[in-house]
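Enquirer: Here it is: the structure, laid out below.
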Amino acid sequence: MNNHLKEIEIPKKLDQKIEAGVRMHKVKRRNKKPFLFVAAAFVLMIICGYALKSIQTTDPSDSSLKSDMIATFYYEGNRYVMSDSPTSSTTLNKLKDAYLGKTKGGIDEFGTVDEDNFTSTGAGDTVYTMKGYNKEYRLLLESQDGQTLIFENAKEPIAFIHALKLKNNVNKVAYRNYSDWDYARDAYHTVSLNEAVTDFVNELEHAAAIERTIGDTTYEEYRKEGSFKEFTLYMKDGTVNQFILFKNGLIHYPNSDYYYKVSQKEFKAFWKMLK
1 MNNHLKEIEI
11 PKKLDQKIEA
21 GVRMHKVKRR
31 NKKPFLFVAA
41 AFVLMIICGY
51 ALKSIQTTDP
61 SDSSLKSDMI
71 ATFYYEGNRY
81 VMSDSPTSST
91 TLNKLKDAYL
101 GKTKGGIDEF
111 GTVDEDNFTS
121 TGAGDTVYTM
131 KGYNKEYRLL
141 LESQDGQTLI
151 FENAKEPIAF
161 IHALKLKNNV
171 NKVAYRNYSD
181 WDYARDAYHT
191 VSLNEAVTDF
201 VNELEHAAAI
211 ERTIGDTTYE
221 EYRKEGSFKE
231 FTLYMKDGTV
241 NQFILFKNGL
251 IHYPNSDYYY
261 KVSQKEFKAF
271 WKMLK
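In my numbering, the protein residues as written are 1 to 275.
Structure follows, in structure tokens:
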């Protein structure tokens with residue numbers, strides 16, 4: 001067992017994988033000190049007894065290879081996964097709408113799943129619809145410690161990106177360069193909402209979808225300075241949506257198993273703005 005542990009390569013963002021999987025009712029926002037959080041996450045993993053198979057040693061942003069234990073619940077036949085959105089709990093509390101029910105557990109560390117309503121990775125959290133959004137794609141979960149989070153069903157990529165309501169609905173756009181994203185530094189650069197930016201965002205709502213595969217190497221090839229950027233859309237309702245942008249023209253929403261692609265004209269004009 002010890003020898004096996006030594007052979008595992010720890011991903012730089014392991015905290016984001018384990019944190020979401022070991023609990024739903026004590027969810028915490030992204031830690032700004034990733035190395036300290038990795039150590040804490042290992043302690044939590046050992047205490048909870050989760051199997052080593054739940055640790056992904058491949059690219060941590062590969063949503064198609066996510067751990068079975070990532071924070072999840074089921075509702076009306078759809079699987080909802082905790083969003084990476086940094087939208088504040090205060091904002092999301094204002095967007096809580098109809099009460100739907102409470103999570104009841106039923107998903108264990110071995111991936112055993114009963115897809116009945118509110119089967120989940122943790123029990124006792126409250127689920128609501130989200131004002132302004134189709135419940136098929138976005139719901140809100142209020143944890144037992146009072147935090148409110150977005151949970152998403154991004155299985156249908158075209159319908160999902162449309163459900164985000166990006167067109168003519170953005171207050172601000174910002175971006176981070178690769179190294180700042182990789183080390184979770186708050187080094188955001190605001191972009192003017194000029195024609196190039198608004199055209200790109202409006203086009204994104206109607207982007208084409210390209211399925212990601214297990215053998216996909218986009219993150220591996222473009223995960224470097226000058227070829228990889230994270231951009232953030234601050235919406236009029238206070239929600240925040242973040243995407244990864246690759247220099248080859250592909251766009252990735254972290255919870256999706258698809259890339260998005262807009263026309264080269266809009267993409268190139270937007271890319272030039274992120275400098």
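All residues carry an ideal CB built from backbone N, CA and C; glycine is no exception.
(1) To the nearest angstrom, how far is the alpha carbon of Ser227 from that of Leu245?
(2) Just to confirm, are Leu193 and Val170 a CB contact at a threshold of 9 Å?
(3) I'd like the list of long-range same chain contacts for Lys236, defined as Cβ closer than 6 Å, with 5 residues on each side in sequence excluded.
(4) If you draw a straight line from the C-alpha of Lys261 to the C-alpha of Thr129, how long is it?
(5) Does DSSP put Met1 in a helix, in a strand, or in coil?
(6) Just verifying my parser: in three-state terms, what is the DSSP assignment at Ala163?
(7) Which value, in whole angstroms, describes the spacing of the CA atoms of Phe42 and Ile70?
(8) In chain order, what residues of the same chain have a beta carbon less than 8 Å from the beta carbon of Lys165, not counting five sequence neighbours either side?
(9) Whole beta strand (DSSP E) runs in the segment 231-255 with 3 or more residues, listed along the chain?
(10) Given a threshold of 16 other Cβ atoms within 10 Å of its Cβ, counted over all protein chains shown, does Lys272 qualify as buried or as exposed?
(11) Using the three-state DSSP reduction, which class does Ile150 fall into: helix, strand or coil?
(12) For Asn78 and Ile107, what's the separation of their Cα atoms in angstroms?
(13) Counting Cβ pairs, one atom from each stretch, are 3 or more of them under 8 Å apart for the segment 144-159 and the segment 173-192?
(14) How should Gln264 be labelled, buried or exposed, when 16 other C-beta atoms within 10 angstroms of its C-beta is the threshold for buried?
(15) Comparing alpha-carbon positions, which option in Phe200, Thr217, Arg138 lies nearest Leu274?
(16) Kindly indicate which three-state DSSP category Ile210 falls into: helix, strand or coil?
(17) Helix, strand or coil: which one does DSSP assign to Ala98?
(18) What residues match up with Thr129 in a beta bridge as DSSP calls it?
(19) Here's the rule: buried if 16 or more other CB atoms are within 10 angstroms of the residue's CB, otherwise exposed. What is Ala187?
(20) Going straight from the alpha carbon of Gly101 to that of Asp125, what length do you get?
Expert: Short version:
(1) For the purposes of this step, residue 227 is identified with residue 227 of the sequence shown, where counting begins at 1. For the purposes of this step, residue 245 is identified with residue 245 of the sequence shown, where counting begins at 1. Rounded to the nearest angstrom, the two C-alpha atoms are 8 Å apart.
(2) Here residue 193 is taken as the residue at index 193 of the sequence shown, counted from 1. Here residue 170 is taken as the residue at index 170 of the sequence shown, counted from 1. Contact: yes.
(3) Start at 1 with the first residue of the sequence shown, and residue 236 comes out as number 236. Cβ neighbours of Lys236 beyond the five flanking positions: Asn169, Asn171.
(4) Taking the sequence shown and counting its residues from 1, the one referred to as residue 261 is at position 261. Taking the sequence shown and counting its residues from 1, the one referred to as residue 129 is at position 129. In a straight line, the C-alpha of Lys261 is about 29 Å away from that of Thr129.
(5) To locate residue 1, count along the sequence shown from 1; it is residue 1. A caution first: Met1 carries a pLDDT of 46, below 50, which makes its placement in the model unreliable, though a value can still be read off. Coil.
(6) The sequence position of residue 163 within the sequence shown is 163, counting from 1. If DSSP states are grouped into helix, strand and coil, Ala163 belongs with the helices.
(7) As a working mapping, residue 42 is identified with position 42 in the sequence shown. As a working mapping, residue 70 is identified with position 70 in the sequence shown. Residue placement at Phe42 cannot be trusted, given a pLDDT of 39 that sits under 50; the coordinates are not used to answer.
(8) Residue numbering aside, residue 165 sits at position 165 when the sequence shown is read from its first letter. Cβ neighbours of Lys165 beyond the five flanking positions: Gly132, Tyr133, Glu205, Met235.
(9) 240-246
(10) Taking the sequence shown and counting its residues from 1, the one referred to as residue 272 is at position 272. Exposed: under 16 other Cβ atoms inside 10 Å.
(11) The sequence position of residue 150 within the sequence shown is 150, counting from 1. Ile150: strand per DSSP, three-state reduction.
(12) Within the sequence shown, residue 78 is the residue found at index 78, counting from 1. Within the sequence shown, residue 107 is the residue found at index 107, counting from 1. Rounded to whole angstroms, Asn78 to Ile107 spans 14 Å at the Cα level.
(13) no
(14) Mapped onto the sequence shown, residue 264 falls at position 264. Exposed.
(15) Walking along the sequence shown from the start, residue 274 turns up at place 274. Minimum Cα distance to Leu274 is reached at Phe200.
(16) Here the question's residue 210 lines up with position 210 in the sequence shown. In this structure, Ile210 counts as strand in the three-state DSSP scheme.
(17) Counted from its first residue, the sequence shown places residue 98 at position 98. Strand.
(18) In the sequence shown, the residue the question calls residue 129 occupies position 129. DSSP output for Thr129 lists Leu139 as bridge partner(s).
(19) Against the sequence shown, residue 187 aligns to sequence position 187. Exposed: under 16 other Cβ atoms inside 10 Å.
(20) Within the sequence shown, numbered from 1, the residue matching residue 101 stands at position 101. Within the sequence shown, numbered from 1, the residue matching residue 125 stands at position 125. For Gly101 and Asp125, the distance between alpha carbons rounds to 8 Å.
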